Structures are given as structure tokens and as C-alpha cells.
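Using this note's numbering, the first residue of the sequence shown is number 1, and each one after it goes up by one. Cβ coordinates follow ideal geometry from the N, Cα and C atoms, glycine included. No experiment lies behind these values; they were computed from the predicted model shown. Below is one structure; the comments refer to it alone.
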Amino acid sequence: FVLLPKWIDKCAVWRLTPSLLSKFDSCMPHLQRLNMQQAFSASCYEVLFSKNTFVNLQQLILCGWGFTAHKLETLFHVKRKLEVLNADEASNTTGMHSRSWKGFDEVVVRSPLKRLYVRGFFRPSTLLRELESFKNLTLLSFSYACYMGPDDILPIKRLLHLEHLHLSGNYDDYSRMTADCLRVIFGPADWETSFPSRLKFLSLPDWLHLDDSVVEEIALNCEQLRSLSLARCPLVTVRGFRVIAKSLKELRFLDINEIAGGFSALLFAEVGAKDLPHLVYLSAHRSSSSSDAELSAVSDFKMSPEVDQFHLFARNN
1 FVLLPKWIDK CAVWRLTPSL LSKFDSCMPH LQRLNMQQAF SASCYEVLFS KNTFVNLQQL
61 ILCGWGFTAH KLETLFHVKR KLEVLNADEA SNTTGMHSRS WKGFDEVVVR SPLKRLYVRG
121 FFRPSTLLRE LESFKNLTLL SFSYACYMGP DDILPIKRLL HLEHLHLSGN YDDYSRMTAD
181 CLRVIFGPAD WETSFPSRLK FLSLPDWLHL DDSVVEEIAL NCEQLRSLSL ARCPLVTVRG
241 FRVIAKSLKE LRFLDINEIA GGFSALLFAE VGAKDLPHLV YLSAHRSSSS SDAELSAVSD
301 FKMSPEVDQF HLFARNN
């Protein structure tokens with residue numbers, strides 16, 4: 001490892017030991033991005049969470065390993081330059097509990113963290129109450145966000161600079177997030193933070209309770225959206241699509257694949273490229289019984305000079 005160039009700023013590894021991690025630190029003092037996805041082990045925490053190792057680290061990927069509240073606190077306490085943390089699919093993301101760590105609030109306020117990827121399954125409310133203190137966050141991604149309740153997720157509305165939001169749902173009987181709650185989240189903008197009107201990228205796949213009424217709130221209050229995914233939301237219908245097309249004029253990317261019913265190709269003729277003037281990517285599905293005339297209408301939509309990629313998925317009724 002002595003031959004590793006000291007200017008290297010990225011590293012991805014697969015099997016880690018404390019001695020190997022220490023060697024990486026000594027050989028690559030300028031390391032800024034470290035990917036330890038599925039490679040981290042509990043024995044490495046002491047090395048990674050030392051104030052004297054990886055002092056220039058800005059991006060850290062720790063997917064697939066347990067992360068307790070104390071470890072989260074320690075991480076932000078010692079890695080003051082961290083801008084990106086991906087701990088999605090961590091097996092124990094339980095929250096930060098800042099009151100158990102003296103001075104943690106001050107550390108969070110000064111944190112340059114801009115992008116955070118975490119799992120929403122394990123006690124998300126505590127985590128979110130602390131997240132609102134990360135004033136520099138521009139991207140927040142929660143997988144399994146459907147397990148949050150209304151009080152859990154509302155602190156998102158107080159994130160001042162948030163532009164990218166990914167909240168994925170899940171199909172089961174334990175989902176706590178109702179359409180009422182989602183309408184509140186994407187309702188009128190908070191007067192102080194302007195959320196959700198600042199959002200430019202919104203991904204809401206796999207939501208069991210997300211319906212057209214939620215889409216209407218998004219269309220009304222998120223007019224700057226450039227990317228929207230509502231894939232596999234079974235309660236969203238063509239009514240929701242019409243609202244999107246009439247209101248979200250800045251959209252470049254739209255994924256409405258596998259929502260309620262099959263999209264008639266004539267619907268695209270009705271809406272037309274004029275209603276989505278900047279669209280470059282569209283993913284949808286249609287009924288397999290579409291007629292030749294309907295398919296011709298799709299071709300007309302596809303031929304719009306603004307549509308660079310067009311994805312239309314057929315399914316059998």
C-alpha cells in the first residue's frame with residue numbers, strides 16, 4: 001500500500017479490517033470519498049470515528065451496516081467536513097438523541113452536510129427532529145418512509161435549502177402514512193422555509209395511500225419541479241396525470257409507470273407536448289388493447305422535438 005498515490009481522493013473497498021482501514025488513512029491523507037458499502041465491520045468503528053483519521057473526508061457510504069444513535073452522534077462530532085452521508089439500508093438507524101451528547105446541537109448547526117440518505121423504518125421521528133438542525137441539507141432520501149407518522153415527517157418542511165426529496169413507500173399493512181398526512185407535507189409552503197415550493201426533484205415511488213388529492217397539492221405548491229416520480233402508486237389515476245400536465249410546466253422527467261389503470265394513448269394526444277414543453281423523459285404504461293389510432297397518437301407525442309426519450313410499457317389486462 002505504500003505505492004498508493006497520496007493525491008487519490010476516492011476509494012472503494014470490499015473487506016475491511018482496522019489495520020487495513022488505518023493503512024488507507026496513512027497512504028491517502030487527502031481522501032475525500034470513502035465507499036464501504038457492505039464492507040464495514042464493527043471492529044472498524046474506532047478507526048473511522050477517530051478525529052485523527054480521514055480528516056478530509058467529505059463523502060461517506062456505509063450502506064448495509066448497523067448504525068446506532070451513539071454512532072451517528074460520534075460521526076458528526078469527529079467528521080466536521082462531511083457533506084454526504086449514505087447510511088441507507090443500515091440495520092439500526094434509531095435516531096440521534098442529541099441530548100445524550102453534550103454539544104451535539106452546536107456540531108449539527110455548523111455541519112456542512114448537504115446530502116443524507118437513510119432508512120425511515122427504525123424510529124424515524126427522533127432522527128427527523130434532529131435533521132431540521134442540518135441547515136445546509138439540499139438532498140434528503142428516506143427509504144421505507146411509509147412507516148413514519150404525521151408528526152414524524154413534518155420537520156422536513158423546516159429544511160430551508162431542500163431541493164431534492166426522495167421518500168419511498170412500501171406495500172404492507174403497517175404503513176402509517178395516510179393521504180391526509182401527505183397532503184399536509186406538500187400543502188401550502190411554510191412561510192419561513194418556502195417548502196415545498198423550492199423542490200426541484202421529488203421521488204415518491206411505491207406509496208399505497210398516495211392518491212390524486214396528493215398529486216393536486218404537489219402540482220399546486222411545487223411549481224419548480226423538474227423531476228417527478230410517482231411510480232407504482234396504485235391510487236393515482238389519469239386525473240392526476242392531467243393535473244401534472246396542466247400545472248408543472250418545468251418538468252423534464254416524469255415517471256408514472258404502473259399507476260392506476262392503463263393509460264390510453266389518446267390521453268397523450270389530449271395532453272400533448274404543448275402541456276409539457278420541457279419534457280425529455282416519460283415513463284408510463286398502457287392497456288394492451290390500445291387501437292392503431294391510439295398508437296398513432298402516441299407517435300405524434302413522441303415526435304415532439306423536446307421528447308428525447310419516450311418509454312411506454314404495455315401490460316395485459
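Fill in: Neighbour-count burial assignment, Lys71, 16 or more Cβ in a 10 Å radius
Counting Cβ neighbours within 10 Å, Lys71 comes out buried, since at least 16 surround it.
Item to complete: Rounded to whole angstroms, what's the CA-CA distance from Asn35 to Asn170? Just pull it up for me.
Response: A straight line joining the alpha-carbon of Asn35 with that of Asn170 spans about 27 Å.
Practice prompt. Classify Ala145 as buried or exposed, calling it buried when 16 or more other Cβ atoms lie within 10 Å of its own Cβ.
Written response: Ala145 should be labelled buried.
Worksheet item: Is Leu235 near Pro196, with beta carbons less than 9 Å apart?
Response: Taking 9 Å as the Cβ cut-off, Leu235 and Pro196 do not qualify as a contacting pair.
Discussion item. Comparing C-alpha positions only, which one of Asn257, Leu228, Asp206 sits nearest to Leu251?
Written reply: The residue with the shortest Cα to Cα distance from Leu251 is Leu228.
Fill in: Identified DSSP bridge partners for Arg119
According to DSSP, which records beta bridges pairwise, Arg119 is partnered with Ser143.
Worksheet item: What residue range is occupied by the uninterrupted beta strand (DSSP E) comprising Ile61?
Response: Run containing Ile61: 59-61, per the beta strand (DSSP E) assignment.
Worksheet item: To the nearest whole angstrom, what separates the beta carbons of Asn86 and Tyr117, a pair I think is in contact under 8 Å?
Response: That belief holds up - the Cβ atoms of Asn86 and Tyr117 are roughly 4 Å apart, short of 8 Å.
Fill in: Proximal residues to Glu217 (C-beta, below 7 Å), its chain only, five neighbours per side dropped
Only Arg183, Phe186, Gly187 meet the Cβ criterion.
Item to complete: May I ask you to report which of helix, strand or coil DSSP gives His77?
Response: It is helical.
Worksheet entry | DSSP three-state assignment for Val280, whether helix, strand or coil | Here Val280 sits in coil by DSSP.
Worksheet item: Considering only C-alpha positions, which residue in the set Ser143, Pro150, Arg158 is nearest to Pro205?
Response: Of Ser143, Pro150, Arg158, the residue nearest in Cα terms is Ser143.
Fill in: Cutoff 6 Å; reference His161; Cβ partners in own chain excluding five residues on either side
Sequence-distant partners of His161 (beyond 5 residues in either direction) whose C-beta falls short of 6 Å from its own C-beta, in its chain, are Thr138.
Worksheet item: According to DSSP, is Arg239 helix, strand or coil?
Response: Here Arg239 sits in helix by DSSP.
Worksheet item: In three-state DSSP terms, what is Ser197?
Response: The answer is coil: DSSP assigns Ser197 none of H, G, I, E or B.
Worksheet item: For the alpha helix (DSSP H) that contains Ser133, what are its first and last residues?
Response: According to the DSSP assignment, Ser133 belongs to no alpha helix (DSSP H), since it is labelled neither H nor E.
Item to complete: Measure from the alpha carbon of Asp180 to the alpha carbon of each residue in Cys27, His209, Lys157, then state which is nearest.
Response: Relative to Asp180, the option among Cys27, His209, Lys157 whose CA is nearest is His209.
Fill in: Chain-order list of residues whose beta-carbon lies under 6 Å from that of Cys233 (same chain, five-residue window excluded)
Exclusion of the five residues before and after Cys233 leaves Trp207, Leu210, Ile259 as the residues of its chain whose Cβ lies within less than 6 Å of its Cβ.
Worksheet item: Taking the alpha-carbon positions, what's the Lys249 to Asn56 distance?
Response: Put simply, the backbone Cα of Lys249 is about 41 Å away from that of Asn56.
Discussion item. Looking only at its chain, what residues have a beta carbon closer than 6 Å to the beta carbon of Arg115, apart from the 5 residues adjacent to it on each side?
Written reply: Cβ within range, chain order: Val84, Leu139.
Fill in: Cβ distance (whole Å) where Leu230 is taken to contact Asp212 below 8 Å
So it is not a contact: roughly 10 Å between Cβ atoms.
Worksheet item: Roughly how many angstroms lie between the CA atoms of Ala219 and Asp190, to the nearest whole one?
Response: Whole-angstrom Cα-Cα distance: 16 Å.
Worksheet item: According to DSSP, is Phe324 helix, strand or coil?
Response: The requested residue 324 does not occur in the structure, where the chain is confined to residues 1 to 317.
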